[in-house]
Each structure stands twice: as C-alpha cells, then as structure tokens.
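For reference, the structure is listed below as structure tokens.
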Amino acid sequence: MNPIKFKKIRIDNIEILFKEGANYIIGNSDTGKTTIFNCMRYVLGLTKELKHKNINQVEISISVKNQAMTFSRENDSPALTISTNDKVERYRALSTELNNFFNEILEPNFLYESALESSLKILDFCFLPEAFQINRKANWDAVRLICGFNISMLASVEKDITTLGSEVLKNRQIENAVNAFTKKLIEDSKNQNTSDLELIIGNTKQNFFEEHRSKEDLLFNVTMKLEEFKTKSNSQLTKKLSEFERSYLNLMSLAGINDQDFSTIEQLIIERKSSHGMERISKLILSLAIAHVSGDNQKNYNHPMFLINDHTSSGVFPSFNHTLRPTIVEAISRTPELQYIEFTYNENISLSDVVIDLNKEGF
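In numbering that gives the first Met the number 0, the protein residues as written are 0 to 362.
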C-alpha cells in the first residue's frame with residue numbers, strides 16, 4: 000500500500016504544519032487537542048458528523064506517491080471535496096465511492112481481487128481516539144486487511160455459495176417430487192398403449208433438469224475453490240500475524256510490561272478483556288508493532304504508514320512518561336517510514352517535534 004503523508008491541516012483560520020516522523024500537539028484539558036483529532040477523521044470522510052459545532056470548515060493537505068491533494072469539508076456536510084492538480088471530486092463520507100477512491104490512490108495489495116476490500120477500515124484503524132471505545136470486530140477486520148486478507152471477497156463468495164446451495168436443495172426437492180409423480184403416472188398407465196410414454200417422460204425430465212445438474216456441478220466446483228482460497232489465505236494471514244506478535248511482545252518488553260495473558264493477536268483483539276488502561280496500552284503498542292513490521296516491507300502489507308494518537312491525552316496512563324514514552328520514541332526511530340502525530344499533555348517533548356503548543360497559541 001502506498002503511504003499517506005500529512006502536510007498540513009487548516010481548521011477555519013488555524014493552520015498546523017506536519018513533518019515526517021514524530022509530530023506532537025501539546026495542550027492541557029479543553030485546549031482543542033481532541034477537536035483537531037476529530038477534524039482529521041472528519042475531513043477524510045471517516046465519520047459522518049463533527050460534534051464541534053463552532054467549526055465551519057476543515058481542510059487537510061496530504062501527498063500520496065508525491066501527488067499532492069487537498070481534502071475539504073464543511074461542518075454538517077455529508078460530503079467532502081478532494082482537489083488535485085487537474086481535477087476536483089466530491090464524495091459522501093464512508094461511501095463505496097470514497098473507498099474506491101482510496102483504493103485507487105493507495106493501491107492496496109491483496110491475495111486476490113481487491114476491489115471489494117475496505118481501505119477506509121484500514122485508515123480508521125490508524126486513529127487512536129481519546130474516548131474509550133473498543134470495536135473488536137472493526138479492529139480485527141483492519142488487522143486482517145493490513146495483512147492482505149480478502150475479508151469482503153470471502154464473505155461475498157460464502158454468501159453466493161449459501162444462496163446457490165439453497166437453490167440446489169430446492170431443485171432436488173422439485174426433482175424428487177417430479178420423479179415420484181412420473182413413476183406413479185407410468186404405473187397407472189400399464190394397461191394402456193404406453194410403449195413410448197416412459198421414453199418420452201425420461202427425455203423430457205432429462206432436458207428439464209439439465210440446468211439443475213449444471214448448478215450442482217457449479218456448487219461443487221465453487222466450494223472446492225473456496226476451500227483452496229481459504230487455506231491459502233489463512234496460511235498467509237498466520238505467517239504475517241506471527242510477525243506482528245513478535246514485534247508486539249518486543250515493544251511490550253521495552254515498555255517494561257510483562258503481558259502474561261498474551262497468546263495470539265486474534266485473542267488479544269477479539270477475546271481478551273482488560274482494564275481500560277490496559278486495553279489502551281495494548282492497542283497503542285499493537286498499532287506501533289504493526290506499523291514497524293509494515294514499514295519494513297510495504298509491498299506485502301497494507302499500511303498507510305501514519306498513526307494519529309489521541310490515546311495519551313486522556314491521562315489514563317499513570318506511568319506513561321516513564322514506560323510508554325521511551326517505547327514510542329524507540330518504535331518511531333525503528334520505523335523511519337512512519338509519520339506519527341500525537342496529542343498529549345506532556346510538555347517534556349523535543350521542541351523540534353512540537354508542531355503546535357495549544358497552551359501558548361490557543362485554538
């Protein structure tokens with residue numbers, strides 16, 4: 000997947016410039032950190048509404064493969080405008096058409112056809128909100144999409160097979176009923192001149208049920224293809240998830256956290272329930288781990304190589320500066336391809352990485 004690079008965001012008359020690597024937006028409570036975070040998701044079309052009614056318009060400039068583009072969206076608008084050098088397009092937020100646009104410019108790499116897959120889910124996974132919300136299915140879908148797993152295609156094929164299977168079963172029931180009727184018809188006609196009746200009925204049934212036979216063959220062949228597809232896809236997924244798991248455990252160790260309950264990424268996302276603080280830490284470390292692995296081999300992973308972190312602005316990490324902060328710095332240094340934007344209370348940040356101090360400049 001092609002990476003996205005954020006250049007700047009304009010919220011009404013406030014403009015913030017971003018650079019490669021680490022970007023920190025500093026501010027105390029109620030200085031506008033989460034507002035900016037929400038505006039970034041809103042202008043990209045990842046949410047339907049912006050709760051901050053005092054804002055009129057948001058613009059964000061990005062580049063993909065050195066092509067500059069600007070996203071703009073007015074408050075309370077269901078659609079956003081995307082401007083490039085040669086054209087202006089308009090899409091509804093969260094729409095299939097917007098997803099198709101992102102698929103076209105980001106060029107995600109899947110094992111099979113990618114047109115049905117969701118780049119929007121991948122992009123949203125790279126935003127870590129302040130508000131505590133764990134959408135386990137969405138997170139698991141996003142991780143598998145990053146691995147190149149065809150979620151939508153698999154679901155579509157399985158749905159088609161279920162529909163075809165139901166039709167084949169119904170056809171068999173019809174055929175059994177017709178067979179029973181013709182058998183009774185022939186038995187009741189024994190005392191009549193019926194030398195050609197059985198042959199005529201047999202030929203008619205064969206022609207009548209020929210389409211049923213073709214659908215049974217189709218069901219068999221498609222089912223076999225599906226099993227082959229699932230086996231190959233699951234094998235690839237398992238291999239890539241194991242890379243994420245090693246990176247995750249390594250970063251957790253750097254943070255001084257011994258995750259004794261960890262078994263697999265799937266279990267971590269889907270099943271395991273921890274305290275709010277531990278859930279946040281796990282998502283943050285996992286996101287950094289996935290970005291690190293993806294950055295080493297961008298052709299084989301569908302990661303846009305950015306991470307927008309509003310997790311740390313909520314103050315739920317009592318020992319954040321002593322444990323997770325060095326881990327984040329280390330993870331970013333290991334992943335030069337990653338653009339990291341964090342909203343934080345912490346003022347003990349290198350000034351070269353601070354893009355705006357909301358305590359001083361206001362919002």
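Glycine included, each C-beta is placed from N, C-alpha and C at the ideal position.
| Query | Result |
| --- | --- |
| Span separating the alpha-carbon of LEU250 from that of LYS239 | 17 Å |
| SER151 to LEU115 span [Cα, whole Å] | 6 Å |
| Inter-residue Cα distance where the pair is ILE280 and LYS169 | 52 Å |
| HIS302, buried or exposed, once every other Cβ within 10 Å from all chains shown has been counted against 16 | buried |
| Option in ASN233, HIS275, SER286 with minimal Cα separation from ARG246 | Sequence inspection shows Ser at residue 246; the Arg mentioned does not correspond to that position. For SER246, the nearest C-alpha among the options comes from SER286. |
| Through-space distance from CYS146 to PHE261, alpha-carbon basis | 20 Å |
| Whole runs of the beta strand (DSSP E) within the stretch 68 to 125, excluding any shorter than 3 residues | 78 to 82, 87 to 91 |
| Per-residue DSSP class, three states only, for ARG279 | helix |
| Residue nearest to GLU112 in terms of C-alpha spacing, selected from ILE59, LEU323, ASN149, ARG9 | ASN149 |
| Boundaries of the alpha helix (DSSP H) in which GLU360 is found, first to last residue | 357 to 360 |
| Those residues which DSSP pairs with TYR23 across a bridge | GLU341, VAL353 |
| Stretch-stretch touch, CB-based, cutoff 8 Å, three pairs: the stretch 293 to 302 with the stretch 262 to 274 | no |
| Closest residue to ARG333 among ILE348, LYS7, ASN37, ALA290 (Cα-Cα distance) | ALA290 |
| Environment of ALA78 [buried if 16+ CB atoms lie within 10 Å] | exposed |
| Buried or exposed by the 16-neighbour rule on C-beta atoms within 10 Å, applied to ASN134 | exposed |
| Beta-carbon gap between LEU119 and ASN98 smaller than 8 Å | yes |
| DSSP bridge partner residues for GLU58 (one or two, in chain order) | ARG9, SER71 |
| PHE305 in three-state terms, based on DSSP | strand |
| GLU14 (DSSP reduced to helix, strand or coil) | strand |
| As assigned by DSSP and simplified to three states, the class of GLN66 | strand |
| is_contact[PHE124, chain B] using C-beta, thresh 8 Å | Absent from the structure: chain B. Only one protein chain is present. |
| CA nearest to the CA of ILE399, picked from ILE307, ASN257, LEU323 | Given a span of 0 to 362 for the chain in the structure shown, any question on residue 399 remains unanswerable. |
| LYS4 - DSSP class collapsed to helix/strand/coil | strand |
| Under 8 Å between C-beta atoms of ILE8 and ILE54 | no |
| Whole-Å CB distance - VAL63 paired with ASN1, under 8 Å assumed | 5 Å |
| CA-to-CA distance, GLY44 to VAL292, given in whole angstroms | 27 Å |
| Spatial distance of THR69 from ILE104 (CA atoms) | 13 Å |
| Rounded C-alpha distance that separates LEU16 from CYS125 | 19 Å |
| Bounding residues of the alpha helix (DSSP H) (the contiguous stretch that carries LYS298) | No alpha helix (DSSP H) holds LYS298; DSSP gives it neither H nor E. |
| Reduced DSSP secondary structure (H/G/I, E/B, other) of LEU127 | strand |
| Nearest-angstrom Cα separation, counted from LEU337 out to SER213 | 52 Å |
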